[in-house]
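All residue numbers in the sequence shown are consecutive under this note's numbering, ending with 871. To keep things clear, I will list the structure first and then write my remarks on it.
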Amino acid sequence: MKTQGLNKLFIDELADMYNSEMQITDSLPKLIKLASLPELKNSLTKHLVETKNQAKRIKKIFSILGIPLTQKTCKAMQGLIHEAEDIVRNKTKSPTLDAAIISAAQKIEHYEMASYGTLRSFANHLSLKSEIADLLQENLNEEGAADKKLTKIADGTFFSTGVNSQAAKSLNATAKQKTTVTNARASKTAAKAKSPAAKTTKAKKSPASAKAKASSSASSKKTSSLSKRAVKSPALTSRTRSKATKTAARARHTSAAAHSSRSSAASKLKSLISHGNKASSKMKSAYAAARK
Numbered sequence: 580m581k582t583q584g585l586n587k588l589f590i591d592e593l594a595d596m597y598n599s600e601m602q603i604t605d606s607l608p609k610l611i612k613l614a615s616l617p618e619l620k621n622s623l624t625k626h627l628v629e630t631k632n633q634a635k636r637i638k639k640i641f642s643i644l645g646i647p648l649t650q651k652t653c654k655a656m657q658g659l660i661h662e663a664e665d666i667v668r669n670k671t672k673s674p675t676l677d678a679a680i681i682s683a684a685q686k687i688e689h690y691e692m693a694s695y696g697t698l699r700s701f702a703n704h705l706s707l708k709s710e711i712a713d714l715l716q717e718n719l720n721e722e723g724a725a726d727k728k729l730t731k732i733a734d735g736t737f738f739s740t741g742v743n744s745q746a747a748k749s750l751n752a753t754a755k756q757k758t759t760v761t762n763a764r765a766s767k768t769a770a771k772a773k774s775p776a777a778k779t780t781k782a783k784k785s786p787a788s789a790k791a792k793a794s795s796s797a798s799s800k801k802t803s804s805l806s807k808r809a810v811k812s813p814a815l816t817s818r819t820r821s822k823a824t825k826t827a828a829r830a831r832h833t834s835a836a837a838h839s840s841r842s843s844a845a846s847k848l849k850s851l852i853s854h855g856n857k858a859s860s861k862m863k864s865a866y867a868a869a870r871k
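As structure tokens, this is what we get:
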């Protein structure tokens with residue numbers, strides 16, 4: 580009974596792995612297309628061929644057991660492949676993408692290594708034909724070699740830099756570039772902030788300065804013009820002095836007339852006040868007589 584139960588579990592796990600290999604065969608070409616490092620492309624391409632051969636070995640095991648080939652959907656592999664596709668989705672070719680592809684591929688490799696190791700152990704305990712255990716061991720060996728190759732590509736060797744190191748350098752370079760761009764933008768913003776104040780100061784000073792310069796220039800031109808005219812025409816200077824003398828005489832005459840007019844007005848005012856005082860005196864006398 581125990582053997583029958585283990586035998587059924589062995590067949591179920593074998594069918595599960597056959598379905599896993601089919602899923603990998605469908606998804607691996609997408610990762611190969613996205614990889615940029617030639618060594619990674621070659622490694623994945625080689626493993627794609629190995630995956631197809633591993634599926635053929637599983638079919639052969641079913642044939643040896645004398646039972647029809649069956650497969651059931653491996654949900655674990657579905658999850659791993661779905662995760663791999665999520666990791667690489669919307670990413671451009673770069674060392675970082677290569678590192679993501681290696682990470683996803685190694686998760687799949689480790690699942691297969693665990694599964695084939697378990698199946699080989701079941702085959703030995705069930706005392707199945709040695710050929711079955713050998714076929715399972717062959718699949719396990721290929722998965723182990725593929726995993727080591729991916730680790731080598733990720734970590735690098737004495738003669739080459741690993742993908743992980745390249746991705747880290749790329750990240751640092753990107754960070755430095757972003758910092759440079761940010762600093763440049765900050766400098767431009769500071770320059771723009773200073774610029775309006777300088778323009779405003781210039782704008783405030785400009786009109787007054789322009790007026791002063793214009794006034795000075797006009798005054799200089801006028802003085803220069805008068806000087807030139809005076810030098811070129813002595814008669815003109817004499818006439819100008821004569822006009823100035825007449826103007827001054829008129830001004831003095833007008834001032835004297837105004838003074839005389841003010842004096843006359845003051846005299847009349849005094850006369851009116853005197854007459855007013857006399858009238859007031861007469862009214863007081865009349866008022867006093869009336870009271871008596």
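Using N, Cα and C, we set each Cβ at its ideal position, and we do this for glycine too.
For Lys-631, the enclosing alpha helix (DSSP H) starts and ends at 617-644.
Around the Cβ of Lys-728, a 10 Å sphere holds 16 or more other Cβ atoms; the residue is buried. A residue is called buried when at least 16 other Cβ atoms come within 10 angstroms of its Cβ; Pro-617 does not meet this threshold and is exposed. Here the alpha carbons of Arg-699 and Ala-712 stand approximately 5 angstroms from one another. In this structure, the CA atom of Ala-663 is about 19 angstroms from the CA atom of Asn-621.
Residues of the same chain with a CB within less than 8 angstroms of the CB of Glu-710, apart from the 5 flanking positions on each side, are Ile-643 in chain order.
Within the same chain, and ignoring the five residues on either side of Glu-629 in sequence, the residues whose Cβ sits closer than 8 angstroms to its Cβ are Glu-721 and Ala-725. Looking only at Leu-707, Tyr-597 and Ile-680, the smallest Cα-Cα distance to Gln-650 is reached by Tyr-597. Using a Cβ distance threshold of 8 angstroms, Met-601 and Ala-634 count as a contacting pair. By the Cβ-count criterion, Ser-706 is exposed, with fewer than 16 other Cβ atoms from all chains shown falling within 10 Å of its own Cβ. In this chain, the alpha helix (DSSP H) harbouring Ala-678 covers 674-704. Residue burial annotation: Ser-821 is exposed, with fewer than 16 other C-beta atoms found within 10 angstroms of its C-beta. In this structure His-626 is buried. Its beta-carbon is surrounded by 16 or more other beta-carbon atoms within 10 angstroms.
In terms of Cβ geometry, Leu-719 and Tyr-690 do not form a close pair [threshold 8 angstroms]. Comparing C-alpha distances from Ala-594 to each of Lys-731, Ile-646 and Ala-733 shows the shortest one belongs to Ile-646.
The beta carbon of Gln-583 is closer than 6 angstroms to none in its chain, skipping five residues each way along the sequence. Residue environment analysis places Leu-585 among the exposed positions, since fewer than 16 neighbouring C-beta atoms fall within 10 angstroms of its C-beta.
Here the alpha carbon of His-704 sits roughly 26 angstroms from the alpha carbon of Ile-687.
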